[in-house]
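J.:
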Amino acid sequence: EYLLKNKGRVVSRLDMLENVWGIDFNMGTNVVDVYVNYLRKKIDKPGPVKLIQTVIGMGYVMKEPAA
């Protein structure tokens with residue numbers, strides 16, 4: 001839901017920890033990565049285009065699906 005509300009905007013891991021799980025500091029956890037991977041498996045279809053993309057060093061962004 002949080003990625004959908006921020007579609008097209010890069011969302012950092014810390015931003016997701018704060019707004020999704022209510023954690024206001026980076027505990028060195030990989031919970032965001034685990035759940036993003038889980039979401040990718042649920043929503044991405046086979047092929048090269050992925051809806052949730054990793055922006056290295058910044059976080060994640062949800063892209064518009066191709067028509």
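Note that this note's numbering numbers the sequence shown so that position 62 is 62, with each residue one more than the last.
Think of the CB as a built atom: it goes at the ideal place given N, C-alpha and C, for glycine as much as any other residue.
Small disclaimer: the values here were computed from a predicted structure and weren't measured.
1) Extract the residue ranges of the alpha helix (DSSP H) inside the segment 39-66, only unbroken runs of 4 or more that lie entirely within it.
2) May I have the straight-line CA-CA distance separating residue 59 from residue 46, to the nearest angstrom?
3) Which residue marks the beginning of the alpha helix (DSSP H) containing residue 5, and which one marks its end?
4) For residue 11, does the three-state DSSP call read helix, strand or coil?
5) Could you check if residue 44 belongs to the surroundings of the ligand MN, using beta carbon to heavy atom distance under 7 angstroms?
T.: By the coordinates alone:
1) none
2) For the purposes of this step, residue 59 is taken as the residue at position 59 of the sequence shown. For the purposes of this step, residue 46 is taken as the residue at position 46 of the sequence shown. The alpha-carbon atoms of residue 59 and residue 46 are separated by roughly 23 angstroms.
3) Position 5 of the sequence shown, counting from 1, holds the residue named residue 5. Here the alpha helix (DSSP H) through residue 5 covers 2-5.
4) The residue labelled residue 11 in the question sits at position 11 within the sequence shown. Three-state result, residue 11: strand.
5) The model on display carries no ligand, and the ligand MN is accordingly not part of it.
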